[in-house]
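Peer 1: Input: one structure, supplied below.
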């Protein structure tokens, strides 16, 4: 299914005047604070977030899964789904493939499909946390950190294979999320597991083309419940430094212990030029993988404040790779992704509203009350008209969720694919 | 120092037109969704939050304290400070006394002072977590739960004394926060500590006048670090039920383990008619006692959603007592309280914007995406013009923080009281 | 496969003298502190813990599952596995069935099988967190709390069906673990979800035979990640009170927020006569379901201290139902269960070593140092000879893990059932 | 007060035979597993832990403090207290001074006092988290990270002063615990705070004598409740690397977010040669500063397992500085410290009992059950006779707590110093 610009435009029609009024009022109001709203709209419109290929089907928990009708059964269908989201939001201009769940069979066809939907291929993701059928070695006891040479070699080789697949599609980076770890004290040796991981990552790093980057993810727990080899940003940062200049840390919002100050980690990594990528989601307890902005929108805004600062003032840091990494257990996955994109844009827009000059002055004067007023003033602003404007200018929907429903996307997908289609992969 | 309505009015002058434009635009916009903004303004204006007598001086941590100039040295000066806050915000129409830190010497004078500032006397608070000079029994090993009969009796009697003081001032409720607990496994017996506490609370309850209420606070840890006798809402609720109809649970936002769903606790208590009072603050790690809304404003909004529902639909629950309970370690305490009041009103206003009928329909249809849209739409609205309007109608300041600074309140207080005055109590 | 007493006895032979020496030395040493070791051995031998029918196969996480050879494919095979464990440990004298995963087809055969292995049927467990094939109503949006009457009725009826199955086998209690909850703020109404749950539980309670008990489990999160209807012991306790005298709270060690003082909850429930059952496991982060005692053995000991006290001094509380509820992701499930049983017995034995009279005296004197000495002295004692003795007297193995391996149980199971058998259920 | 070896010896007399019996039995038993108990006793006897000068008086919380009779009022008296502890335990052979609380007035006298008690001077500690009387600059808004040049310079100079004091006493290292951080989002700039801190630390580092080491402590929160500049080991490690070879990370057990795997951090730091020091205490919720081993003794054992491995196999890491950093709110501080030392020695002894060869084999074979058996077997051993032996050989007490009481130390201290003496410092 393809959502046409003309369909979107006609759906926008009835809310257009209301949008225009609100945008003009807000625009005038912000202009008094010397905020250039046009510039803000452009930056928003340029901001593109990748959708991972595993996010288009219903997710689940260890207790089971409630499936959703019309799930995409092939990589092509997954790309169509991302195409729908991108048409409506104009913010999802990339797809991030997970290997081996989504290995292309016909690369040219896949690349044409991407071009048709105006999508880039973002970072490719390897998988060494599950055993594939007919695999010689098992990852039950680890992959890049395994005590067995053969298992480590298999895992390294898999990553090299993933890089090759990515090269054929135009990807420029590899994301390594390592589930490796142990469930019980004594089950493994911390030092040798770390050393093995470092050695394996170096091999992968050295196998990358020269214009590629390596993103090293970290996570404190799950699926291992006593220790994870790359447990925190400090470990990832250390490993990235050991690999080389094009190795970076990747931050996933849900991969932190309770109460972690994530925005501070972001600031540190960007100061040191080592923030490579960012996975968006939200959570209350652990790696809950909920819709972005659904639980802690203020924390997301504070993180974006650091991202905005870093993108402006830290030339030592590359432009980060953005991706949504959520699990859609209970909502229509496409609606969930649209809500996530809206929340990301909202946080980004609000962060750009912070008057950085005034804030620096207030910080220098240790005027704590005023610092808080400045931050909260930006956050309290209703930026929805600006988001609408950014989408409108690119041909997207004023309200993507409403348009998605008005245009009967899910109904059409179910008609096309059936009620009991099952997404490949997880 | 007294802040006059005329001074406030003249300070408001320069922002009045801007306020009016924003309020009108928002008002028109909300009217399209059939929201009665006048009604909302009235409810906001009626909402009054008590300021505790210990909140007017600089707080500290166990590592020390950085004092603030012009701190109030007497109960009268503390009331003056609350008067200033109330003049500017029109939301702080009550004071909550802490005994023995703030025992009135001349009750009539104190009552006149309250009337002059338009303040009520909210719940009175007892203190059995510190030893007072010349006290016969020590609370080192507990108060209402102490293994010693004499210590328990002294603690019960102190609460009865506090009630008597409250009666003379017109208070109608007693808040008991019990620090009792232990630092080490085995230090005390859980069952007997709980039984002693229940017995002691019953004695206090039975000593109250018939129109008084008892509020029982809970807290998981600090100042005891292994166990606290009243560790959670379940224990408080059980004790309140054991005492009788006019005993209630009091929720302090900071008194929960990491990740607790506080809004659900609020809903449960109101369903059962047992939410007596609410202490506002914010926190990231523990009982951090930060400015309300400074860390998790969305959680505050969700809590207010439950409070609004409960106030409308749970006649079994009394109107709760509201109080700010924060510690102003680093900001001017009056500015901090003003920011807290603003955040409370914002959350209250946004909660009232939720379209409850649509939400119920969406919930009944299990339309999870739509439920989220409805909730977030209310939250994303910029309600500051409504807050301004509510203050304006009562003679308060459009922007209380700006007015506080323009009117040079702190400078005047320092002039009046000196740079090194020290607040009584903590 | 059946493990014979004679095989065990001959395997014990080579360690018997070593055991006897250690037991005698410890026994003499404890006798000096007036501890009756024989009494302790008898109590240990009488302590029986149920094995749930879902625990005999390899568990998994949402990221996948690594299977184990020789998994039991039928209820009969599961019972054989419990039989093996019980033969070796003499502590696993009961099985707890999960319905609909393990519905007996031939009740008489199943009961004979149980008798043969010397097993009782403990509490039966219902399942309303997954949709069964051909179910009319889905539990995607809840079961006992669902907004739909039909879904609630189906869930209530399922529980009634489970009771009937249990009756046929001689079970005397039903455990209800309710996954009901929501993933997003606003997705459901807290008050009506709680009210529905209370009403549904009452219906189930009133359908039970008069000699049955209802155990109500609580859990803060997972598989729902914003709110769970029965989120804590306070909610479970409130619901149990609403149902009636034979409704109780069930505590699962892994179902708590970080840092919860679980032993205090146990003490409170036993004081109020409401601790119905206990699920053992261990965890570092969330509901990790690791081997009992593998992460926090001291906390387990402190919990057993409260259990021992409650069993002795709280006649108002029934004898609790004990069960292991762990997930064996990485170890041989039978070995994991044996290690869990060993840890439970160790904690129980050490708790019985606490000199309660001295402890009470020290508590009354507020001698905090001495209280800690008494508690730690019990904990520091190496009680393994006592555990060995308790097993030995009943015909169990001195070292169950070693015997399990020496007797080649897993190898035999793989031979009997194949390398790729898959456990029914999860 | 001085505790003489002869007094201790005569107090030991009545338990000597009992000790000898238990030691012999254990020794024989361990010999069968080829464990050289004499070697173990020697290592234990050599293990010395510093007592900080602020730990000899009663601690408190922000809610107040319950004082203890006979507190040391001067540095000399504090050294006497450490002398008492060392006499009894033979494990507290060092003192760690906190400046400016404990600046010596007569260096020669202090050094003689140390020699008399057989004490070394361990790391010196600076204090930039409180304002000292007559200080020109305030640390209210930070010290090494302050936006003000003057404040940073004052803080750097203070550290240089502390080094000079330490040099005169024979210390060889400086511990910097930095409370710097912010309470509210926006209050400060993360990047500039980190950069200032790095620059300040480099100045301090470069001012140290060439044989000195710098220990950089980290802590996630308290006394600041939104962000701390050096929030975790990763930040400390990064700063230590930036300073140079003799800058190290210092781990304090209480300075971690909930559920952190501390033993893994220890292993990583030792592998990289960067673990400089270790502060012992215990906690359930935050930085509770409870007696070592009173809450999570198994975690302490697992940490010691890594420390033992690192001391044996990581020559790249210096021998770490050991110190107890607890707050004695409710117990006699000397008794509390003695209990802490006992718990440290117990964990150390048990860690040395782990059969590392068998463990490595089991790890290589991925025999998870056996790995756990090996670890738990060491932990379950009652090592108290070994601890007694180690003390006995050096002239310490078989049971230091009992001896402390039998010798009436506290009573004597109260007689000498009075009931209301107050410890200098916190």
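Chains as they are written, first to last, in this note's numbering: chain A, 1 to 426; chain B, 427 to 852; chain C, 853 to 1278; chain D, 1279 to 1704. Just so you know, even glycine gets a beta-carbon here, dropped at the ideal spot from N, CA and C.
Is residue 758(B) close to chain A? Criterion is C-beta to C-beta, closer than 8 Å.
Peer 2: Residue mapping note: residue 758(B) aligns to position 332 of the second chain, counting from 1. It does: the Cβ of residue 758(B) has a partner Cβ on chain A nearer than 8 Å.
Peer 1: Is residue 703(B) closer than 8 Å to residue 549(B) when the C-beta atoms are compared?
Peer 2: In the second chain, the residue the question calls residue 549(B) occupies position 123. In the second chain, the residue the question calls residue 703(B) occupies position 277. Their beta carbons are under 8 Å apart, which means residue 549(B) touches residue 703(B) by this criterion.
Peer 1: What residues in the segment 1676-1696 of chain D have a beta carbon less than 7 Å from any beta carbon of chain C?
Peer 2: 1679
Peer 1: Along the chain, where does the beta strand (DSSP E) containing residue 904(C) start, and where does it finish?
Peer 2: Counting from one through the third chain, the residue named residue 904(C) turns up at place 52. 902-904 is the extent of the beta strand (DSSP E) around residue 904(C).
Peer 1: Considering Cα atoms alone, identify which of 1611(D), 1602(D), 1665(D), 1601(D) is closest to residue 1628(D).
Peer 2: As a first step, residue 1628(D) is located in the fourth chain; it is residue number 350 there, counting from the start. Looking at the Cα atoms, 1665(D) is the closest of the given residues.
Peer 1: What are the boundary residues of the alpha helix (DSSP H) that residue 23(A) is part of?
Peer 2: Position 23 of the first chain holds residue 23(A). Its alpha helix (DSSP H) spans residues 16-32.
Peer 1: Determine which residues of the segment 278-307 of chain A have a Cβ less than 9 Å from any Cβ of chain C, and write them out in chain order.
Peer 2: Those residues of the segment 278-307 of chain A that come within reach of chain C (Cβ to Cβ, closer than 9 Å) are 283, 284, 285, 286, 288, 289, 290, 291, 294, 295.
Peer 1: Using CA coordinates, which residue listed in 134(A), 284(A), 198(A) is at the minimum distance from residue 1073(C)?
Peer 2: Locating residue 1073(C) in the third chain gives position 221, where the first residue counts as 1. Of the listed residues, the one whose Cα sits closest to residue 1073(C) is 284(A).
Peer 1: Residue 1647(D) versus chain C: which residues are under 8 Å apart at the beta carbon?
Peer 2: In the fourth chain, counting from the first residue as 1, residue 1647(D) sits at position 369. By Cβ distance, chain C contributes 1183, 1184, 1187, 1188, 1191, 1253.
Peer 1: Anything in the segment 674-704 of chain B with a Cβ closer than 8 Å to a Cβ of chain C? List those residues in chain order, please.
Peer 2: 683, 684, 685, 686, 687, 689, 690, 693, 694, 696, 697, 698
Peer 1: Can you list, in chain order, the residues of the segment 611-630 of chain B whose Cβ is nearer than 8 Å to any Cβ on chain C?
Peer 2: 611, 612, 613, 614, 615, 616, 617, 620, 621
Peer 1: Around the C-beta of residue 10(A), are 16 or more other C-beta atoms found within 10 angstroms, so that it is buried, or is it exposed?
Peer 2: As a first step, residue 10(A) must be located in the first chain, where it is residue number 10. Flag for residue 10(A) reads exposed.
Peer 1: For residue 747(B), is the beta carbon positioned less than 7 Å from some heavy atom of the ligand MN?
Peer 2: The ligand content of the structure shown is nil, which means the ligand MN is not present either.
Peer 1: What whole-angstrom Cβ distance do residue 1374(D) and residue 1601(D) have, given they're in contact under 8 Å?
Peer 2: On the fourth chain, position 96 is the one that residue 1374(D) refers to. On the fourth chain, position 323 is the one that residue 1601(D) refers to. About 5 Å separates the two Cβ atoms, so the contact holds.
Peer 1: Mind listing which residues of the segment 201-233 of chain A have their C-beta closer than 8 Å to chain C's C-betas, in chain order?
Peer 2: Residues of the segment 201-233 of chain A with a C-beta less than 8 Å from any C-beta of chain C: 220, 221, 222, 223, 225, 226, listed in chain order.
Peer 1: Just to confirm the assignment, what range does the beta strand (DSSP E) spanning residue 626(B) have?
Peer 2: The count along the second chain starts at 1 and reaches residue 626(B) at position 200. Residue 626(B) -> not in any beta strand (DSSP E); alpha helix (DSSP H) instead, spanning 616-633.
Peer 1: Quick one: what's got a C-beta closer than 6 Å to residue 592(B)'s C-beta in the same chain, skipping five residues either side?
Peer 2: Taking the first residue of the second chain as position 1, residue 592(B) is located at position 166. Taken in chain order, the residues that qualify are 550.
Peer 1: With burial defined as no fewer than 16 other Cβ atoms inside 10 Å of the residue's Cβ, what is the status of residue 988(C): buried or exposed?
Peer 2: Taking the third chain and counting its residues from 1, one reaches residue 988(C) at position 136. With fewer than 16 Cβ atoms within 10 Å of its Cβ, residue 988(C) is classed as exposed.
Peer 1: Name the residue from 468(B), 781(B), 489(B), 566(B) whose alpha carbon lies nearest to the alpha carbon of residue 650(B).
Peer 2: Numbered from 1 along the second chain, position 224 holds the residue referred to as residue 650(B). Among 468(B), 781(B), 489(B), 566(B), the Cα nearest to that of residue 650(B) belongs to 566(B).
Peer 1: Closest to residue 605(B) by CA distance: which of 653(B), 616(B), 618(B) is it?
Peer 2: Taking the second chain and counting its residues from 1, the one referred to as residue 605(B) is at position 179. Per the Cα distances, 653(B).
Peer 1: Within the 8 Å Cβ cut-off, does residue 1233(C) reach chain D?
Peer 2: The residue labelled residue 1233(C) in the question sits at position 381 within the third chain. Chain D, which has a Cβ nearer than 8 Å to the Cβ of residue 1233(C), makes this yes.
Peer 1: Applying a beta-carbon distance threshold of less than 8 Å, which residues of chain C neighbour residue 1662(D)?
Peer 2: Along the fourth chain, one-based indexing puts residue 1662(D) at 384. Near residue 1662(D) (Cβ distances below 8 Å), the residues of chain C are 1232.
Peer 1: Just by C-beta distance, which residues in the segment 139-159 of chain A are closer than 9 Å to chain C?
Peer 2: 139, 140, 141
Peer 1: What would DSSP say about residue 118(A), mapped onto helix, strand or coil?
Peer 2: Stepping through the first chain from its first residue, residue 118(A) is reached at position 118. Residue 118(A) falls in the coil class under three-state DSSP.
Peer 1: Starting from residue 887(C) and walking both ways along the beta strand (DSSP E), at which residues does that stretch end?
Peer 2: Walking along the third chain from the start, residue 887(C) turns up at place 35. Looking at the DSSP string, residue 887(C) is not in any beta strand (DSSP E), and its letter there is neither H nor E.
Peer 1: So, is the C-beta of residue 1637(D) closer than 8 Å to a C-beta in chain A?
Peer 2: The sequence position of residue 1637(D) within the fourth chain is 359, counting from 1. True, the Cβ-Cβ gap to chain A drops below 8 Å.
Peer 1: Which residues in chain B sit within 9 Å of residue 1409(D), going by Cβ to Cβ distance?
Peer 2: Locating residue 1409(D) in the fourth chain gives position 131, where the first residue counts as 1. Ordered by position in chain B, the residues that pass the 9 Å Cβ test against residue 1409(D) are 490, 492.
Peer 1: Who are residue 747(B)'s beta bridge partners in DSSP?
Peer 2: Numbered from 1 along the second chain, position 321 holds the residue referred to as residue 747(B). According to DSSP, residue 747(B) bridges with 703(B).
Peer 1: Could you confirm whether any beta carbon from chain C is found closer than 8 Å to the beta carbon of residue 1291(D)?
Peer 2: Taking the first residue of the fourth chain as position 1, residue 1291(D) is located at position 13. No, its Cβ sits nowhere closer than 8 Å to a Cβ of chain C.
Peer 1: When we look at the beta-carbon of residue 313(A) and count the other beta-carbons within 10 Å, is it buried (16 or more) or exposed?
Peer 2: The residue you call residue 313(A) lines up with position 313 of the first chain. Exposed, because fewer than 16 other Cβ atoms sit within 10 Å of the Cβ of residue 313(A).
Peer 1: Using the Cβ count rule (16 or more neighbours within 10 Å means buried), how would you classify residue 1149(C)?
Peer 2: Within the third chain, numbered from 1, the residue matching residue 1149(C) stands at position 297. Buried.
Peer 1: Kindly list, in the order they appear in chain A, the residues whose Cβ is closer than 8 Å to that of residue 913(C).
Peer 2: Residue mapping note: residue 913(C) aligns to position 61 of the third chain, counting from 1. In chain order: 62, 222, 223.
Peer 1: Within the same chain, show all residues whose beta-carbon is closer than 6 Å to that of residue 192(A), passing over the 5 residues directly before and after it, in chain order.
Peer 2: Walking along the first chain from the start, residue 192(A) turns up at place 192. Closer than 6 Å at the Cβ level, and outside the excluded window around residue 192(A), lies no residue.
Peer 1: Please tell me whether residue 1625(D) has its Cβ less than 8 Å away from any Cβ of chain G.
Peer 2: Among the chains of the structure shown, chain G does not appear; the protein chains present are A, B, C and D.
Peer 1: If I measure Cβ to Cβ from residue 1231(C) and keep anything under 7 Å in the same chain, skipping five residues before and after, which residues do I get?
Peer 2: Along the third chain, one-based indexing puts residue 1231(C) at 379. If we look at residue 1231(C) and ignore the five residues flanking it on each side, its Cβ neighbours are 1150, 1153, 1202.
Peer 1: Report the three-state DSSP secondary structure of residue 674(B) (helix, strand or coil).
Peer 2: Taking the second chain and counting its residues from 1, the one referred to as residue 674(B) is at position 248. Three-state DSSP puts residue 674(B) in a strand.
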